[in-house]
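S.K.: Numbering (my numbering), first residue to last: 6 to 372. Don't be surprised by glycine CBs; every beta carbon is placed ideally from N, CA and C. Here the structure is a predicted model, which means the values were calculated and not measured. Okay, handing you the structure first.
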């Protein structure tokens, strides 16, 4: 009897030693295979492919996801239908807390177009708005958009023209007004790719390319005056200036920052999320700061995108974005875009133009 009791206790002790600690925090990055399907169901007449994937919490139980370019048309068994339509410029998907979708676009199903059209410039090539980022306050969506146009027939034959600031009614999503943000054409900073509302103002981030592909981050600040952004100033590295030409880069960001990146508050810190622009675009990094102006520190490699068909499908991986309004335990939702240099494939293989989603532990960012 004593031996039986001994062995039973030994087995119990061994079992307890081998059992994972219940309070041990999961620090693994988790790939999400379902979120994209919720946003882009293959059937139903909505957006079934796109890039950009920039989200804004509408503060009413809904989030808006903004696409740069996109596809509409059925997808079955991963194959895009021959009748699918490709839309140059922005379209939006609104998703509520129950997963119900609303698609915002121009034109009609047989001939869809961008939701917010751009005035055409001289020449034969089209112009369009690519979504930047924004915020919601008192029922108004404040949104920055980059205006671009084609310069030739090749995939990357396009150029930046301007940055415009829009206000939209959150309930109807109708445009209230539009204002050109002149500073972007004066100092060469592509403003509006990241927006951070704070008590002392609204911080507007952008990148400026210096040299061969090296991009630095600059920042402007504005105040909400009668429901509209005004009184813009620019950080010169030591203080705020009214002259945008005195803007200087933020410090502590050792990697060349993506054209589109994200800045958001997280557990009392300011986080900047970006992909490596020059060396290995598959790598997603984060930085933290105590203030919106930095200095930034604590560079963390969060994730290296592993696309098994990257070489076979000539894939492009770019523009990681955070969606911190979506949480799963101790993790927040992050996305990155994929595309391909093979234009024949992008019109057929649906997965080549759909974002990927991952869950990143908060501690991995802040540690």
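Starting from residue 43 and walking both ways along the alpha helix (DSSP H), at which residues does that stretch end?
M.R.: Taking the first residue of the chain shown as 1, we reach residue 43 at position 38. Unbroken alpha helix (DSSP H) run through residue 43: 40–44.
S.K.: Could you pull the start and end residues of the beta strand (DSSP E) that residue 306 belongs to?
M.R.: On the chain shown, position 301 is the one that residue 306 refers to. Looking at the DSSP string, the run of the beta strand (DSSP E) that includes residue 306 is 302–309.
S.K.: Would you mind reading off the limits of the beta strand (DSSP E) that contains residue 276?
M.R.: Here residue 276 is taken as the residue at index 271 of the chain shown, counted from 1. Looking at the DSSP string, the run of the beta strand (DSSP E) that includes residue 276 is 274–280.
S.K.: Between the Cα of residue 372 and those of 288, 36, 307 and 92, spot the shortest distance and give me the residue it belongs to.
M.R.: What you label residue 372 is simply residue 367 of the chain shown in a count that begins at 1. Answer by Cα proximity: 307.
S.K.: Starting from residue 138, follow its DSSP beta bridges and name the residues at the other end.
M.R.: Within the chain shown, the letter at position 133 stands for residue 138. According to DSSP, residue 138 bridges with nothing at all.
S.K.: What does the alpha-carbon distance come out to for the pair residue 305 and residue 286?
M.R.: To locate residue 305, count along the chain shown from 1; it is residue 300. To locate residue 286, count along the chain shown from 1; it is residue 281. C-alpha separation (whole angstroms): 15 Å.
S.K.: How many Å lie between residue 316 and residue 189 at the Cα?
M.R.: Here the question's residue 316 lines up with position 311 in the chain shown. Here the question's residue 189 lines up with position 184 in the chain shown. Those two C-alpha atoms are separated by around 36 Å.
S.K.: Give me, in chain order, the residues of the same chain whose beta-carbon lies closer than 7 Å to that of residue 154; leave out the 5 immediate sequence neighbours on both sides.
M.R.: Within the chain shown, the letter at position 149 stands for residue 154. If we look at residue 154 and ignore the five residues flanking it on each side, its Cβ neighbours are 126, 130, 131, 132, 163, 164 and 166.
S.K.: Measure the C-alpha to C-alpha separation of residue 275 and residue 87 and round it to an integer number of angstroms.
M.R.: As a position in the chain shown, residue 275 is number 270, starting the count at 1. As a position in the chain shown, residue 87 is number 82, starting the count at 1. Going from the Cα of residue 275 to the Cα of residue 87 covers about 45 Å.
S.K.: Go ahead and label residue 346 buried or exposed: buried means 16 or more other beta carbons lie within 10 angstroms of its beta carbon, across all protein chains shown.
M.R.: Locating residue 346 in the chain shown gives position 341, counting from the first residue. Residue 346 comes out exposed.
S.K.: Alpha carbon to alpha carbon, how far is residue 206 from residue 227?
M.R.: As a first step, residue 206 must be located in the chain shown, where it is residue number 201. As a first step, residue 227 must be located in the chain shown, where it is residue number 222. So the two alpha carbons sit approximately 6 Å from each other.
S.K.: Assign residue 176 to one of three DSSP states: helix, strand, or coil.
M.R.: Along the chain shown, one-based indexing puts residue 176 at 171. Residue 176: coil per DSSP, three-state reduction.
S.K.: List in chain order: all unbroken alpha helix (DSSP H) runs of 4+ residues lying wholly within the region 152–211.
M.R.: Runs found: 188–192.
S.K.: Would you check if the distance between the CB atom of residue 364 and the CB atom of residue 37 is smaller than 7 Å?
M.R.: The count along the chain shown starts at 1 and reaches residue 364 at position 359. The count along the chain shown starts at 1 and reaches residue 37 at position 32. Taking 7 Å as the Cβ cut-off, residue 364 and residue 37 qualify as a contacting pair.
S.K.: In terms of residues, what are the limits of the beta strand (DSSP E) holding residue 267?
M.R.: The count along the chain shown starts at 1 and reaches residue 267 at position 262. Residue 267 -> beta strand (DSSP E) spans 267–271.
S.K.: Are the beta-carbon atoms belonging to residue 249 and residue 41 less than 7 Å from one another?
M.R.: Indexing the chain shown from 1 puts residue 249 at position 244. Indexing the chain shown from 1 puts residue 41 at position 36. No, they are not a contact pair.
S.K.: Which of the three DSSP states, helix, strand or coil, is assigned to residue 356?
M.R.: Against the chain shown, residue 356 aligns to sequence position 351. Of the three classes helix, strand and coil, the one that applies to residue 356 here is helix, per DSSP.
S.K.: Take residue 51 as the anchor and find which of 370, 107 and 171 has the nearest alpha-carbon.
M.R.: On the chain shown, position 46 is the one that residue 51 refers to. Nearest option by C-alpha distance: 107.
S.K.: CA-CA distance, residue 177 and residue 97?
M.R.: As a position in the chain shown, residue 177 is number 172, starting the count at 1. As a position in the chain shown, residue 97 is number 92, starting the count at 1. One C-alpha to the other measures close to 13 Å.
S.K.: Rank 117, 240 and 85 by C-alpha distance to the C-alpha of residue 94 and give the top, closest one.
M.R.: Position 89 of the chain shown, counted from the start, is the residue given in the question as residue 94. Closest option to residue 94, Cα to Cα, is 117.
S.K.: If you run the structure through DSSP and keep just helix, strand and coil, what is residue 249?
M.R.: For the purposes of this step, residue 249 is taken as residue 244 along the chain shown, with counting starting at 1. If DSSP states are grouped into helix, strand and coil, residue 249 belongs with the helices.
S.K.: Here's the rule I'm using: 16 or more other beta-carbon atoms within 10 Å means buried, otherwise exposed. How should residue 44 be labelled?
M.R.: Translated into positions along the chain shown, residue 44 becomes position 39. Counting Cβ neighbours within 10 Å, residue 44 comes out buried, since at least 16 surround it.
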